[in-house]
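**Student:**
Numbering (my numbering), first residue to last: 9 to 285.
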């Protein structure tokens, strides 16, 4: 296992080659949901900007495959299989990150599920509980275990993933929408608690080209994001968002350039939900 000093040497070596950008260079970032979609794109963006990335997802094989796809340099990342709803697994993963890299500068909570689509009477309490456990309590669990380390460092950045559905109330996604609304409020509570040293913000994407979007679209049964014409009426952007576009926002929020942003919910939806809050 590499020591923290080895990781710093890797960064100095890469910096000397002129590869890295400023912003989050040298920071240690945990990214959940890192095997696909927005999480994978965010891990890629963070690594490109010189961060050391802990990639968390359910299956280690999927994370390692994602890391190979991204061309991440060995030593610049760690792959950790974690179910974010399991307290013991999260505690162990956070400990492994600290052991490997020596600190945690950024926590990026992206792991989430869409759940079933349909009216409330067709969605059981168990259906709703599953969505809330992953999207809300999984986010809470990660924060609960990372905060002590950030407080000991007297600095850190926590970034959560909400959704425009958390503020724009649309039919047939009640469990998902209420889980994301709660993430927004959790973000603001944490910003109030820790604002002097630890910044906490969230990003609310709209429709993003991810496997979860495919599943949700299948649930509605009337949308295919690959047919761009279907999305003309979904806002000024006229198309679905790319995971890399959301990743760029996370990279900015993680950087010192965003030092005055705290407790903010950024609607990254191309203006899709203007006037619908």
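From the three backbone atoms N, C-alpha and C, an ideal C-beta is built for every residue, glycine too.
It should be emphasised that the depicted structure is a prediction, and the values quoted were computed from it without experimental measurement.
Residue range of the beta strand (DSSP E) that residue 212 falls in?
**Tutor:** Unbroken beta strand (DSSP E) run through residue 212: 206-213.
**Student:** Which same chain residues, not among the five before or five after residue 100, have their C-beta less than 7 Å away from its C-beta?
**Tutor:** If we look at residue 100 and ignore the five residues flanking it on each side, it has no Cβ neighbours.
**Student:** Note down, one range per segment and in chain order, each alpha helix (DSSP H) of at least 4 residues found wholly within the stretch 95-136.
**Tutor:** Counting whole runs of 4 or more residues, the stretch 95-136 contains the alpha helix (DSSP H) stretches 95-109.
**Student:** Rounded to the nearest angstrom, what separates residue 260 and residue 62 at their Cα positions?
**Tutor:** Computed Cα separation, rounded: 18 Å.
**Student:** Out of 252, 84, 192 and 97, point me to the one whose CA is closest to residue 167's CA.
**Tutor:** Ranking the options by Cα distance to residue 167, first place goes to 192.
**Student:** Three or more C-beta pairs under 8 Å: does that hold for the stretch 93-112 against the stretch 57-72?
**Tutor:** They touch, by the three-pair rule.
**Student:** To the nearest angstrom, report how far apart residue 151 and residue 185 are at their CA atoms.
**Tutor:** Their backbone Cα atoms lie some 21 Å apart in a straight line.
**Student:** Could you tell me whether the Cβ atoms of residue 216 and residue 41 are closer together than 9 Å?
**Tutor:** It is not a contact, given that the beta carbons lie outside the stated cut-off.
**Student:** Can you grab the Cα-Cα spacing for the pair residue 48 / residue 103, in whole Å?
**Tutor:** Between residue 48 and residue 103, the C-alpha separation is close to 22 Å.
**Student:** Counting along the chain, where does the beta strand (DSSP E) carrying residue 89 start and finish?
**Tutor:** Segment 85-89, the beta strand (DSSP E) holding residue 89.
**Student:** Assuming residue 212 and residue 262 form a contact by the criterion Cβ under 8 Å, report the distance between their Cβ atoms to the nearest whole angstrom.
**Tutor:** So it is not a contact: roughly 17 Å between Cβ atoms.
**Student:** Would you mind working out which of 254, 158, 253 and 252 sits nearest residue 207, comparing C-alpha positions?
**Tutor:** Looking at the Cα atoms, 158 is the closest of the given residues.
**Student:** How would you call residue 146, buried or exposed, if buried means at least 16 neighbouring beta carbons within 10 angstroms?
**Tutor:** Answer is buried; the Cβ neighbour count reaches 16.
**Student:** Here's the rule: buried if 16 or more other CB atoms are within 10 angstroms of the residue's CB, otherwise exposed. What is residue 80?
**Tutor:** Buried is the call here.
**Student:** Starting from the Cα of residue 267, find the closest Cα among 43, 164 and 245 and give me that residue.
**Tutor:** That would be 164, whose Cα lies nearest to the Cα of residue 267.
**Student:** Quick check on DSSP: helix, strand or coil for residue 138?
**Tutor:** Here residue 138 sits in helix by DSSP.
**Student:** Compare the beta carbon distance of residue 142 and residue 119 with 9 Å and say whether it is the shorter of the two.
**Tutor:** Yes, Cβ-Cβ distance for residue 142 and residue 119 is below 9 Å.
**Student:** Under the rule that 16 or more other beta-carbon atoms within 10 Å means buried, what is residue 171, buried or exposed?
**Tutor:** The residue in question, residue 171, is buried, as its Cβ has 16 or more Cβ neighbours within 10 Å.
**Student:** Helix, strand or coil, according to DSSP, for residue 164 in the structure here?
**Tutor:** Here residue 164 sits in strand by DSSP.
**Student:** Taking residue 67 as the reference, which of 54, 37, 56 and 92 has the closest Cα?
**Tutor:** When each option's Cα is compared against that of residue 67, the closest is 92.
**Student:** Less than 9 Å between the beta carbons of residue 273 and residue 210, yes or no?
**Tutor:** Taking 9 Å as the Cβ cut-off, residue 273 and residue 210 qualify as a contacting pair.
**Student:** With DSSP as the reference, label residue 38 as helix, strand or coil.
**Tutor:** DSSP places residue 38 in strand when its eight states are reduced to three.
**Student:** Does DSSP classify residue 191 as helix, strand or coil?
**Tutor:** In the structure shown, residue 191 sits in a helix (DSSP, three-state: H, G or I).
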